[in-house]
Each structure stands twice: as C-alpha cells, then as structure tokens.
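End of the sequence shown = 350 in UniProt numbering, gap-free, step of one. For each residue, glycine too, the CB sits at the ideal point set by N, CA and C. Everything numeric in this text was worked out from a predicted model, so none of it was measured. These notes concern the structure reproduced below.
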Amino acid sequence: MSPDTDVLVVGGGPVGLAAAIEARRAGLDVAVLEPRGVPVDKACGEGLLPGTLTAVRRLGVDPAGWDLAGISYRQDGRVADHRFRDGPGRGVRRTTLHARLHEAALAEGAVVVPRRAGTVAQDDDGVTAGGVRARWLLGCDGLHSRVRREVGLEVVPGRRAPRSWWPSSRAGRRFGLRRHYRVAPWSDQVEVHWGPRVEAYVTPVAPDLVGVALLGPVGMDFDAELATIPELAGRLAREAEGSVRGAGPLRVRTRARVRGRVRLVGDASGYVDALTGEGLRVGFAQARAAVALLDDGAGYERAWRRVTRDYRWLTSGLVGAATSPVRRGVVPAAARWPGVYGAVVERLAR
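In structure tokens, the structure reads:
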C-alpha cells in the first residue's frame with residue numbers, strides 16, 4: 001500500500017509542531033494528528049529558558065511575553081539569584097506559544113488532521129495510525145503517549161528501565177499544578193519558592209499576568225500548599241484568574257525510543273520532572289534529531305541520549321534532593337556557593 005505522506009506526527013503540541021516544521025524544511029510531506037482545537041493549553045511553568053527561546057526563534061516563531069533575566073531560588077528568607085549570562089529567556093503563555101507554532105507549521109505546508117491516532121500498525125514499508133499511512137511515524141503525544149504503549153516501549157512503573165540510561169530515583173510520583181494570577185510582575189526573574197512540600201515557580205508572562213506552577217506529591221491541594229509559602233501567598237491574595245490545571249505523574253521511562261518505523265519524541269520518549277524547566281528545549285532538540293535521522297534508528301537513539309543527558313542527570317539529582325531530608329538545604333547551599341549554582345543554571349539554560 002502506498003503511503004499517504006512521508007511523516008505522520010502524532011500529537012500537535014509544541015514538540016509535535018516543531019517536528020512537523022523540521023520535516024517540512026527537510027522537504028518531506030507531513031501530516032499531524034491532533035484532535036484538540038487550537039490553541040491547546042497545558043499545566044506548565046511557561047518559562048522559556050534562553051536556549052529554548054533560541055530554538056523557538058529558529059522555528060520561525062517569536063512569541064509575545066515577558067523577558068526573564070534569570071532564576072531566583074527562595075526559601076524562608078534565603079535567596080540565591082543567578083542572571084543569565086547570554087541574554088534573557090521569556091515567559092510565554094502556553095496558549096500563545098502553541099498558536100504561533102501552529103501557524104508556523106501550516107505556513108511551512110504541514111497538514112493538520114483533527115483525529116486521534118488509535119491503533120498503530122506497521123510493516124516493512126510503512127506505519128498506519130488514525131487512518132493515515134506514512135513512511136515514518138513520530139510519536140509526540142506527551143506524558144500519556146498512546147503511541148508509546150501501542151508499540152511496546154513503555155516501562156511499567158515499578159519495573160527497572162533497561163541499561164542505565166534512566167537515573168534511579170526513590171522519589172514518589174510527582175505532579176504539577178498551575179494557575180494564573182492577574183497581577184503585575186514584581187520581578188524579571190523566574191522565582192522558585194521552596195515550600196515544605198512543593199516547589200512554586202512564579203513566571204511573569206505579560207505586563208499584568210503571572211503564572212504559578214506547583215510541583216509536588218500526588219493529591220496536593222493548590223491553595224493549601226500555596227499558603228505554606230507566606231512570601232508568595234501574600235502577593236497573590238484574591239488575584240486568581242481561571243482554574244487550576246494539572247499534569248502528571250511526571251516521571252516516564254521508556255525501553256527505547258525507536259521501534260521499527262516509529263520514533264518517540266519529547267515527553268513521549270521519557271521524562272524525569274519539570275523542576276529544571278527544560279522540557280521544551282530537550283523536546284525541540286529531539287524533534288530536530290528525529291527528522292535528520294529518520295532512516296537511522298540507532299543514530300537517533302544515540303542522539304536522544306546525547307541531547308537529554310544533562311537534563312536526565314541534573315534533574316534526577318535535584319528531584320532526589322527535593323524529595324529527601326536534604327530538601328531544606330538546597331537554597332542555603334545555592335546561596336553559599338553561588339558559582340556552583342550559577343554553573344548549574346547556565347548548563348540548563350543553554
């Protein structure tokens with residue numbers, strides 16, 4: 001059976017749209033399966049680190065938002081600040097980013113099909129999902145990837161991941177919650193408030209709007225956890241806008257990223273945690289590598305390990321600290337050794 005397209009992207013979020021843009025620039029026909037309307041919102045921190053903003057601009061998008069000059073860790077009056085050395089990042093509403101990337105993908109000639117993937121079937125010559133047959137399929141369908149399950153690449157929670165590509169972790173399941181507040185930003189940095197149980201990320205996204213994302217254990221209550229961080233709760237009283245959105249569990253492990261003509265990209269390919277704010281940067285790098293190495297599965301596996309290495313190990317280390325008795329020492333240590341703290345931030349901000 002002849003393919004309908006060269007590349008079928010399952011999932012039309014930012015990483016899926018980036019993959020579509022990369023494929024079109026490589027001269028390939030592209031169809032994107034995405035049943036949700038535009039724009040798609042998601043519970044996330046909404047901060048683009050400098051390296052991520054560079055990657056977004058490379059895709060032809062420069063979304064409106066609020067310039068971010070650095071990262072500020074804060075806990076019980078202690079503060080550790082680091083200002084980015086190579087230019088600002090940007091706080092951008094997820095809906096704004098998605099809408100601009102969607103426009104860019106259509107302008108490049110990608111076709112968006114409002115349909116779910118359903119069953120994934122492949123043979124030596126092609127792969128079919130959602131009634132569309134393609135030469136290659138890129139699974140960009142997020143933390144709860146249907147493609148990952150369909151092709152047997154998901155690691156069941158509690159079982160050991162293959163080899164040593166996934167750092168071990170004893171942390172319980174972590175989730176993310178996000179809400180916006182109609183208030184003028186009071187800082188040009190992303191503030192990370194370390195509460196007793198959660199990390200609260202405060203990201204300005206407009207002149208009159210900030211987003212607050214909480215990372216913490218299953219079952220956490222947004223307002224109750226926010227109340228444990230008085231410095232932050234006092235600024236946000238009675239200013240909430242919209243409902244609380246959630247995402248998780250955040251940790252996802254995979255057996256591999258390639259199965260036949262299928263490649264997993266972005267959160268679908270594996271995820272540690274949102275603590276370091278690197279999800280989009282890593283996902284965009286994976287999308288670029290997946291398209292460049294469509295006919296070289298082993299090459300994509302190597303590229304995937306390379307572009308995710310720092311993210312996997314640094315994030316796992318921070319999550320380990322955040323979920324252990326040393327949690328209360330993270331911010332004091334960052335304040336005491338600003339050079340080390342700054343080096344970590346710069347490594348993640350690339």
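Cβ-Cβ separation, residue j to residue i (assumed contact under 8 Å), whole Å
i: Val190; j: Gly77; result: Contact doesn't hold; Cβ gap of about 19 Å is too wide.
i: Asp125; j: Val10; result: With a Cβ gap of about 19 Å, Asp125 and Val10 do not count as contacting.
i: Asp208; j: Ala69; result: Not a contact, Cβ separation roughly 19 Å.
i: Leu293; j: Leu215; result: Actually they are not in contact, since the Cβ atoms of Leu293 and Leu215 sit about 32 Å apart, beyond 8 Å.
i: Arg347; j: Asp310; result: 6 Å
i: Ala99; j: Val38; result: 6 Å
i: Arg174; j: Val212; result: Not a contact, Cβ separation roughly 17 Å.
i: Ala290; j: Leu137; result: About 10 Å; that fails the 8 Å criterion.
i: Glu231; j: Tyr181; result: With a Cβ gap of about 14 Å, Glu231 and Tyr181 do not count as contacting.
i: Pro217; j: Arg245; result: At roughly 17 Å, the Cβ-Cβ gap does not stay under 8 Å, so Pro217 and Arg245 are not in contact.
i: Gly297; j: Val258; result: 4 Å
i: Arg122; j: Gly299; result: The sequence shown places Gln at residue 122, not Arg. Between Gly299 and Gln122 the Cβ distance is about 19 Å, and since that is not below 8 Å, they are no contact.
i: residue 357; j: Ala335; result: Nothing about residue 357 can be read from this structure; the chain reaches only from 1 to 350.
Counted within 10 angstroms of its Cβ, other Cβ atoms place residue i as buried (16 or more) or exposed
i: Glu241; result: exposed
i: Val156; result: exposed
i: Glu34; result: buried
i: Ala224; result: exposed
i: Asp81; result: buried
i: Asp273; result: buried
i: Pro185; result: buried
i: Gly12; result: buried
i: Pro338; result: exposed
i: Val345; result: buried
i: Thr119; result: exposed
i: Gly234; result: exposed
i: Trp313; result: exposed
i: Gly89; result: buried
Check whether residue i and residue j have beta carbons under 7 Å apart
i: Leu59; j: Ile21; result: yes
i: Val307; j: Tyr73; result: no
i: Arg135; j: Asp6; result: yes
i: Gly176; j: Ala247; result: yes
i: Tyr201; j: Gly87; result: no
i: Val262; j: Val111; result: no
i: Val61; j: Ala104; result: yes
i: Asp113; j: Ala31; result: Checking the sequence shown, residue 113 turns out to be Val, not Asp. Yes, Cβ-Cβ distance for Val113 and Ala31 is below 7 Å.
i: Val265; j: Gln286; result: yes
i: Val92; j: Gly65; result: yes
i: Leu101; j: Leu17; result: yes
i: Phe145; j: Ala23; result: It is Ser, not Phe, that sits at residue 145 in the sequence shown. Not in contact: Ser145 and Ala23 (Cβ atoms no closer than 7 Å).
i: Arg115; j: Lys42; result: no
i: Val109; j: Ala117; result: Per the sequence presented here, residue 109 reads as Gly, with Val not at that position. The answer is no: Cβ separation not under 7 Å.
i: Gly317; j: Val15; result: no
i: Glu199; j: Val192; result: yes
i: Arg305; j: Gly51; result: no
i: Pro63; j: Leu106; result: no
Which of helix, strand or coil DSSP assigns to residue i
i: Val198; result: coil
i: Arg174; result: strand
i: Ala343; result: helix
i: Leu348; result: helix
i: Ala184; result: coil
i: Pro338; result: helix
i: residue 370; result: Because the chain here runs from 1 to 350, residue 370 falls outside it and cannot be looked at.
i: Gly266; result: helix
i: Val190; result: strand
i: Val331; result: helix
i: Leu275; result: coil
i: Gly283; result: helix
i: Ser2; result: coil
Residue i Cβ short of 6 Å to the ligand SAM heavy atom set
i: Ala43; result: This structure does not include the ligand SAM; it has no bound ligands of any sort.
Neighbour flag for residue i against chain D, beta carbons, 7 Å
i: Val40; result: The structure shown contains no chain D; it holds only a single protein chain.
key: Whole alpha helix (DSSP H) elements within the stretch 226–264, 4-residue minimum   = Counting whole runs of 4 or more residues, the stretch 226–264 contains the alpha helix (DSSP H) stretches 230–236.
inquiry  = Just to confirm the assignment: which complete alpha helix (DSSP H) runs, minimum length 4, are found wholly within the UniProt domain "FAD-binding" (4–160)?
reply    = Listed in chain order, they are 14–25, 50–58, 94–108, 146–150.
ask   = What residue ranges within the stretch 290–328 form continuous alpha helix (DSSP H) runs of no fewer than 4 residues, ordered along the chain?
value = Counting only runs that start and end inside the stretch 290–328, the alpha helix (DSSP H) elements of at least 4 residues fall at 297–322.
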